[in-house]
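Asks: One structure follows; several queries about it will come next.
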Amino acid sequence: MGKVLGYARISTDQGQDIASQKAKLESLGAVVVFCDVGSGMSLTGRDQLEAALRLLDCGDQLLCLHPDRIARDTSDLLAVAKRIIEKKAILRIHDPAITIDGSDLMGEVLLTVFGLVGRIEKHFISARIRRGIDARKLKNDGAYIGRRPTIDPDRIRELRDQGLGPTQIARTLKIGRASVYRLLAA
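In this text, residue positions in the sequence shown follow my numbering: the first is 642, and each later residue adds one.
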């Protein structure tokens, strides 16, 4: 049997912790766990998933806790499974227990069903966001205000007045430099 590579993903590092996924994957036998932070809506920008797929050899396994950690879209999920099978490797999902190695049509059927469930969930998430935006527009006379700012522009100007440059301000406030430039220009 080959090596077991784990794959974990969280949507955002704001309030989510990838450590529990990583620990569970390691307890299930993953020798290395690849971790991405980003949306499951697309495979684009998922560098760690791509790295894990490139490292797979014949007989290796890619282990994931749930299908939606790989993708929330049926076609993306099946595309990943196809790449794994083409390498004569195995896709193993912990919950629900699904093993895809190309020899059993039932595994692919289950993966398709769970990919569809992920797609439905993605649809409901988008619909809830849209309803929230529409409700906010009604409350604000048709204007969508969005979430409240998390960066205090006065604090940025204060640090600039103290002689700090944009990079130093960004490091001090633990924000991106682009945010500093944008607020200084406003």
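C-beta atoms are modelled at their ideal positions from N, C-alpha and C, and glycine is treated no differently. A quick note: this is a predicted structure, and the numbers were derived from the prediction, not measured.
For Gly647, does the three-state DSSP call read helix, strand or coil?
Replies: Within the sequence shown, the letter at position 6 stands for residue 647. Reduced to three states, the DSSP call for Gly647 is strand.
Asks: Any chance you could list the alpha helix (DSSP H) runs of at least 4 consecutive residues sitting entirely within the stretch 660–689, in chain order?
Replies: Runs found: 660–668.
Asks: Give me the Cα-Cα distance between Ile726 and Ser744, rounded to the nearest whole angstrom.
Replies: As a working mapping, residue 726 is identified with position 85 in the sequence shown. As a working mapping, residue 744 is identified with position 103 in the sequence shown. One C-alpha to the other measures close to 9 Å.
Asks: On the DSSP bridge assignment, give the partners of Leu732 in chain order.
Replies: Here residue 732 refers to the residue found at position 91 when the sequence shown is read from its first residue. Note: Leu732 sits in a beta bridge opposite Leu703, Ile741.
Asks: Under a Cβ-count criterion, where at least 16 other Cβ atoms within 10 Å of its own Cβ denotes burial, should Asp775 be classed as buried or exposed?
Replies: Position 134 of the sequence shown, counting from 1, holds the residue named residue 775. With fewer than 16 other Cβ atoms within 10 Å, it is exposed.
Asks: Throw me the rounded Cβ distance for the Gly679 and Arg687 pair, which I believe falls under 8 Å.
Replies: As a working mapping, residue 679 is identified with position 38 in the sequence shown. As a working mapping, residue 687 is identified with position 46 in the sequence shown. Their Cβ separation, rounded to whole angstroms, is 6 Å, which keeps Gly679 and Arg687 in contact under 8 Å.
Asks: Taking only the alpha-carbon atoms, compute the straight-line gap between Lys780 and Ala722 and give it to the nearest angstrom.
Replies: Along the sequence shown, read from residue 1 onward, the residue named residue 780 stands at position 139. Along the sequence shown, read from residue 1 onward, the residue named residue 722 stands at position 81. So the two alpha carbons sit approximately 45 Å from each other.
Asks: When the Cα atoms are used, what is the spatial distance from Glu828 to Ile741?
Replies: A query on residue 828 cannot be resolved here, the shown segment of the chain reaching from 642 to 827 and no further.
Asks: Would you mind listing the alpha helix (DSSP H) stretches within the stretch 771–803 that are 4+ residues and don't spill past its ends, in chain order?
Replies: Those alpha helix (DSSP H) runs which fall completely within the stretch 771–803 and span 4+ residues are 794–802.
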